[in-house]
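Undergrad: Numbering (the numbering used here), first residue to last: 2 to 146.
For glycine and all other residues, C-beta sits at the position ideal for the given N, C-alpha and C.
Here it is, the structure, as structure tokens.
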């Protein structure tokens, strides 16, 4: 496996991000950390925009963003036309975000779920295929341009 994953977030997601990077690398993923690089207070858009741009350019197949609620990183990432970021807090949502929405970024709310659940959701997200069909028609209508 040589799937390239982009990962980032904010200070509230820093610990989960660091531990998740280790887990992903153990599973054979190539991971680029877009920051932050400490748990000091940080502005998530400074990390999310470069991550989203790299996915849009095709440098990474997908991304994972982790912040306290998952909302800020998801909102920021979704400003990019080529990004479909899904805020998930259980395994079913992680699977459906891929199956029905062809999400390319998983947003994780670190303050509201366990690390083990974050790992499980990431694995599901990264290993679930888009179903296409009627869902493709809908996904193709999402972008504004």
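(1) For the beta strand (DSSP E) that residue 117 lies in, which residues bound it at each end?
(2) On the CB-based measure, 16 or more other CB atoms within 10 Å of its CB, does residue 145 come out buried or exposed?
(3) First and last residue of the beta strand (DSSP E) that includes residue 33?
(4) As a quick exercise: from 132, 134, 102, 35, pick the residue whose alpha carbon is nearest that of residue 83.
(5) Starting from the Cα of residue 6, find the closest Cα among 112, 135, 66, 110 and give me that residue.
(6) Roughly how far, in whole angstroms, is the beta-carbon of residue 147 from the beta-carbon of residue 105, given that I think they are within contact range, below 8 Å?
(7) In or out: residue 99 buried (at least 16 other Cβ within 10 Å) or exposed?
(8) How is residue 73 classed by DSSP in three states: helix, strand or coil?
(9) Could you give the distance in angstroms between the alpha-carbon of residue 135 and the alpha-carbon of residue 8?
(10) Can you round the beta-carbon distance between residue 96 and residue 86 to whole angstroms, since I take them to be within the 8 Å contact cut?
TA: Taking the coordinates as given:
(1) No beta strand (DSSP E) holds residue 117; the alpha helix (DSSP H) holding it covers 116-128.
(2) Residue 145 is classed as exposed because its beta carbon has fewer than 16 other beta carbons within 10 Å across all chains shown.
(3) From DSSP, the beta strand (DSSP E) with residue 33 extends over 31-34.
(4) 102
(5) 66
(6) Past the boundaries of the shown model lies residue 147; the chain is included only from 2 to 146, so the question cannot be answered.
(7) buried
(8) helix
(9) 30 Å
(10) Not quite, the Cβ-Cβ distance comes to about 16 Å (not below 8 Å), so this is no contact.
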